[in-house]
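Residue numbers (this note's numbering): 783 to 1005. Read the structure below first, then the notes.
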Amino acid sequence: MSNPSVDHLAGVQPSPALTRDWGRIGLWLVATTMAYNVAEGVIAIWAGVHARSIALVGFGLDSYIECAAAAALLWRLMVEARAAHPEAVQRTEQRVHRFVGATFMALALYVLGQAGWTLWTHQAPDESLVGIILAVASLIIMPLVSWGKLHAATALNSAALRSEAKETLACSYLSFALLLGLVANAAAGWWWADPLAALLMVPWLVKEGMEGLRGEHGCEHEE
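The following block contains the structure:
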């Protein structure tokens, strides 16, 4: 049986059947991301309202930005799974890659606006055990999902899937920033920890967003 990792290292193009298998794996990972983000968004917004935490509410809204990117990518992978003509797959790839780039920019604007507002108003997030548990869960689950997407992106030579995987990883960083802010505020009263950590991510988000909007492909197989 053909091994996708061995084939890639040897410079062998995967067979159509193997490509379809990776496409199905990608579909499952993207669908998992969407389902998790819907649940994450509901819980985060509920917890944020009850804790009067702007950071938690914003974190929940961010989950739906991820959902939008995942839904667009799901469309692309469905085209791949149907064994469509390569030109049709390429056209879909380009559209999705640009859409994911736009969601990166939207996410950058969200982080910048949310962090700036929190710093300006000096509004510390209230203690929220639910928020802490949610952030920990996201830190465990989302990097694993991102890792799987990156492997599928390499096998499919999909820049769109790689971009969406990076967005998943970026939002894991937001989970870390949220956790840091909630714990630091609860333990030491450092209300500014969350927005400061989030602001450090904005340049990277903008870079990835601009690459996506320009249609630059980051996962071409290297010679």
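Beta carbons: idealized from backbone N, C-alpha and C, even for Gly. All values reported here derive from a predicted model rather than from experimental measurement.
So, for Thr-801: in the same chain, excluding its five sequence neighbours on each side, which residues have a beta-carbon less than 6 Å away from its beta-carbon? none
Buried or exposed for Pro-985, please, with buried defined as at least 16 other CB atoms from any protein chain shown within 10 angstroms of its CB. exposed
Touching by the beta-carbon criterion (3+ pairs, under 8 Å), the stretch 944-959 and the stretch 928-936: By the Cβ criterion, the stretch 944-959 is in contact with the stretch 928-936, since at least three pairs of Cβ atoms, one from each stretch, lie closer than 8 Å.
Just reading off the alpha helix (DSSP H) that Met-992 is part of, what are its end residues? 984-996
Please go through the same chain and pick out, in chain order, the residues whose beta-carbon is closer than 8 Å to the beta-carbon of Arg-996, but skip the five residues on each side of it. Gly-883
Are the stretch 902-914 and the stretch 878-894 touching by the rule of at least three beta carbon pairs closer than 8 Å? no
When you compare each of Ile-827, Gly-840, Ala-854 to Ala-813 by their alpha carbons, which one comes out closest? Ala-854
Just mark Thr-900 as buried or exposed, buried being the case when its beta carbon has 16 or more other beta carbons within 10 Å. buried
Segment contact, 8 Å Cβ cut-off, at least three pairs: the stretch 820-828 with the stretch 802-809: no
For Val-839, which residues of its own chain have a beta-carbon under 6 Å away from its beta-carbon, when the five flanking residues on both sides are left out? Ile-827, Gly-830
Could you name the residues of the same chain whose beta carbon sits closer than 6 Å to that of Ala-917, not counting the 5 residues immediately before and after it, in chain order? Ser-957, Leu-960, Leu-961
Grab me the residues of Cys-1020's own chain with a C-beta within less than 7 Å of its C-beta, minus the 5 sequence neighbours each way, in chain order. Since the first residue of the chain shown is 783 and the last is 1005, residue 1020 is not available in this structure.
Can you tell me whether Ile-922 is buried or exposed, with buried defined as 16 or more other CB within 10 angstroms of its CB? exposed
Which one of Val-824, Ala-942, Thr-950, His-933 has the shortest CA to CA distance from Arg-877? Ala-942
Let me know the secondary structure DSSP gives Asp-908 once reduced to three states. coil
To the nearest angstrom, how far is it from the Cα of Gly-991 to the Cα of Leu-938? If you draw a straight line from the Cα of Gly-991 to the Cα of Leu-938, it comes to about 21 Å.
Express the C-alpha separation of Val-824 and Val-981 in angstroms, rounding to a whole number. Reading off the sequence shown, one finds Leu at residue 981, where the question assumed Val. Roughly 24 Å between the two C-alpha positions.
Under the three-state reduction of DSSP, which class applies to Trp-810: helix, strand or coil? helix
Is it right to say Glu-875 is buried, meaning 16 or more other beta carbons lie within 10 angstroms of its own, or is it exposed? buried
Which residue from Ile-847, Ala-952, Leu-951 puts its Cα closest to that of Ala-888? Ile-847
Helix, strand or coil for Arg-802? Go by DSSP, reduced to three states. Three-state result, Arg-802: helix.
Does DSSP put Trp-899 in a helix, in a strand, or in coil? helix
Does the distance from the CB of Phe-886 to the CB of Leu-809 come in under 7 Å? no
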